[in-house]
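A.B. asks: All residue numbers for the sequence shown refer to my numbering, where the first residue is -2 and numbers rise by one. Note that CB positions come from ideal geometry on N, CA and C, so glycine has one too. Predicted, not measured: the structure shown is a model, and the values here were computed from it.
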Amino acid sequence: MGSEGPAAPVTVHVTGFKRFHGVAENPTEKIVRNLQSYMEKRGLPKGLVLGSCTVLEAAGQGGLGPLYELLESTVLRREGGSPNKEKVILLHFGVNSGSHRFALENQAVNEATFRCPDELGWKPQRMPIMSSDGSILHARQTTLPVKEISKSLQQMGYNVAPSDDAGRFVCNYVYYHSLRFAEKNGIRSLFVHFPLFLAIDEEVQMQFAASLLEVLASLNLQ
-2 MGSEGPAAPV TVHVTGFKRF HGVAENPTEK IVRNLQSYME KRGLPKGLVL GSCTVLEAAG
58 QGGLGPLYEL LESTVLRREG GSPNKEKVIL LHFGVNSGSH RFALENQAVN EATFRCPDEL
118 GWKPQRMPIM SSDGSILHAR QTTLPVKEIS KSLQQMGYNV APSDDAGRFV CNYVYYHSLR
178 FAEKNGIRSL FVHFPLFLAI DEEVQMQFAA SLLEVLASLN LQ
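1) Would DSSP call residue 18 helix, strand or coil?
2) Rounded to whole angstroms, what is the Cα-Cα separation between residue 144 and residue 88?
3) Go to residue 204, then tell me how far its alpha helix (DSSP H) extends in each direction, as first and last residue.
4) In terms of residues, what are the limits of the alpha helix (DSSP H) holding residue 178?
5) Assign residue 147 to one of two classes, buried (16 or more other C-beta atoms within 10 Å of its C-beta) or exposed (fewer than that).
6) Measuring CB to CB, does residue 5 end up less than 9 Å from residue 167?
7) Among 69, 120, 128, 61, whose alpha-carbon lies nearest the alpha-carbon of residue 179?
8) Using a C-beta cutoff of 9 Å, does residue 150 count as contacting chain D?
9) Measuring alpha carbon to alpha carbon, tell me which residue in 160, 191, 184 is nearest residue 29.
10) Roughly how many angstroms separate the alpha carbons of residue 45 and residue 72, rounded to a whole number?
11) Can you tell me where the alpha helix (DSSP H) with residue 53 in it begins and where it stops?
12) Would you decide whether residue 174 is buried or exposed? Buried here means 16 or more other CB atoms lie within 10 Å of its CB.
13) With 16 as the cutoff for other CB atoms within 10 Å, does residue 217 come out buried or exposed?
14) Run through DSSP, which three-state label would residue 13 get?
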């Protein structure tokens, strides 16, 4: 009872994406590049560590090297951490240029069907992301309570909702790999779609990212 010690911290690793076809300025690149300094000024939520902030190339297969370097580093850091192992969340930000709200993605689907080439020129059609997972209909779900997180953010005044469709482009591709890695390594993963700055301005989007970290810190994760 009294010997349990303090709760293990939640370490969050955040990623965003660079520009891609049709989106000259990806808001998540700016948000992720500025998040560390923004949170230093605002103050990190109690019990949360901002482990890393990484901007990824908007690429599928050709972008897996840097993605897996990041994913594997989160587990290595965790294994080398304190005896009271921290809980790890992989938090991915991507843009939905046609949306006017934030979306918390429940799942990713084992299908790569790119409507346009990624930034390395790859344009798969109806291809399984992981052939070992079988059908392109196979889905992987996050173990985080998306409805609960969404409700907390709505109560703070944000235009946000859960979503079951992360698309079939790079966002879904990265999320699928991340969810698979998270499941194998006993950590968690979440993908969040952001609108363009034209729809919701930069300051509100930064505030949303900070509020999301606060909500994640408040979850009673086991």
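C.D. replies: This is what the structure gives:
1) For the purposes of this step, residue 18 is identified with residue 21 of the sequence shown, where counting begins at 1. Correct three-state label for residue 18: coil.
2) Position 147 of the sequence shown holds residue 144. Position 91 of the sequence shown holds residue 88. Their backbone Cα atoms lie some 16 Å apart in a straight line.
3) As a first step, residue 204 must be located in the sequence shown, where it is residue number 207. Residues 199 to 215.
4) Looking up residue 178 in the sequence shown gives position 181. Its alpha helix (DSSP H) spans residues 167 to 182.
5) Residue numbering aside, residue 147 sits at position 150 when the sequence shown is read from its first letter. Here residue 147 is buried: its Cβ has 16 or more other Cβ atoms, across all protein chains shown, within 10 Å.
6) Start at 1 with the first residue of the sequence shown, and residue 5 comes out as number 8. Start at 1 with the first residue of the sequence shown, and residue 167 comes out as number 170. No, they are not a contact pair.
7) Numbered from its first residue, the sequence shown carries residue 179 at position 182. If we check each option's Cα against that of residue 179, 69 comes out closest.
8) The chain labelled as chain D is not found in the depicted structure, where only one protein chain is given.
9) Mapped onto the sequence shown, residue 29 falls at position 32. For the set 160, 191, 184, the Cα lying nearest the Cα of residue 29 is the one of 191.
10) One-based indexing of the sequence shown puts residue 45 at position 48. One-based indexing of the sequence shown puts residue 72 at position 75. Across the structure, residue 45 and residue 72 are spaced so that their CA atoms are roughly 17 Å apart.
11) As a first step, residue 53 must be located in the sequence shown, where it is residue number 56. Note, residue 53: premise wrong, no alpha helix (DSSP H); beta strand (DSSP E) at 45 to 53.
12) By 1-based counting over the sequence shown, the position of residue 174 is 177. Around the beta carbon of residue 174, 16 or more other beta carbons sit within 10 angstroms, so the residue counts as buried.
13) Mapped onto the sequence shown, residue 217 falls at position 220. If you draw a 10 Å sphere on the C-beta of residue 217, you find fewer than 16 other C-beta atoms in it, and that means exposed.
14) Taking the sequence shown and counting its residues from 1, one reaches residue 13 at position 16. Residue state, collapsed to three classes: strand.
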